[in-house]
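In our numbering, the protein residues as written are 840 to 1013.
Where a beta carbon is used, it is the ideal one built from N, C-alpha and C, also for glycine.
Scroll down for the structure; my scribbles are underneath it.
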Amino acid sequence: MTTATSPSSEKAQPQLRAVRPSDAEALCAIFNMPGFRWGTLRMPFEMVEQVERRIAKSGQETTWIVAEVDGKVVGDGRLIGQSSPRRAHIGEINIGLDDAFVGKGIGSAILEALLDVADNWRALKRVELTVYADNEPAIRLYTRHGFEVEGRHVKAGFTDGEYHDLLAMARLRF
Ligand SMILES: CC(C)(COP(=O)(O)OP(=O)(O)OC[C@H]1O[C@@H](n2cnc3c(N)ncnc32)[C@H](O)[C@@H]1OP(=O)(O)O)[C@@H](O)C(=O)NCCC(=O)NCCS
């Protein structure tokens, strides 16, 4: 069974910037890595064209950033706003890294940048996400940044032949 990649203690200093159409190939390669897939809802054999379309469709309600180390794209994060005016105070976060770059603080850097946008540029009151209940690195990362578990979706995700629980987490600023 696939699991999270082991963390290394060495910290990296990523450069963060907005996603570009030309990132599709690098991001697709990351989305197809086993550790990335284990922690997310990505399917095996994602196509570059699908990622290109996702980038092209991404509008003002989404802040999508990539992290680079030495000029190489090593992960991304999205803060996705809601189209309903009555849910305009909510954003959803997705983050994922190249398997070789986990445990180096890059997820923290991406999350902090997205939370800065949420708090100081979008005036969001509620940032939410779902995470596999056994994804310890992700839960530690989110908890360290003020997210709390709100509930459990039992057997809501299918991964590598097994059903797994997902946790609903949120960070509130009312
Ligand atoms: C989840 C993820 C974004 C975290 O980013 P990261 O850069 O690895 O995070 P950090 O380096 O800030 O480490 C997060 C914490 O988990 C710990 N950790 C990292 N890998 C771990 C592992 N395999 N097992 C247990 N703990 C681990 C780190 O030591 C750190 O703990 P600390 O805060 O107590 O020091 C990244 O691991 C990833 O992309 N995973 C695959 C995709 C995924 O699961 N995305 C999240 C979907 S909700």
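In this structure, I929 places its C-beta atom within 9 angstroms of the C-beta atom of K964. Inter-residue distance for F884 and V908 is about 25 angstroms (C-alpha atoms, whole angstroms).
Buried is the label assigned to Y981, since at least 16 other Cβ atoms lie within 10 Å of its Cβ. Taking all protein chains in view, the Cβ of A977 is crowded by 16 or more other Cβ atoms within 10 Å, so the residue is classified as buried. Rounded to whole angstroms, the separation of the alpha carbons of R983 and L953 is 15 angstroms. Between A1009 and F986, the CB-CB gap stays under 9 angstroms. Separation of K943 and A851 (C-alpha to C-alpha, rounded to the nearest whole angstrom) is 6 angstroms. In the DSSP assignment, N933 forms a beta bridge with R917.
If only uninterrupted alpha helix (DSSP H) runs of at least 4 residues are considered, those enclosed by the stretch 840 to 904 are 863 to 870, 873 to 878 and 887 to 896. Residue nearest to D1004 within the set R1012, V970, L1011 and W877 is V970 (criterion: CA-CA distance).
At the C-beta level, K911 and A865 come within 9 angstroms of one another.
Counting every other CB atom within 10 Å of its CB across the protein chains shown gives R926 a total below 16, marking it as exposed.
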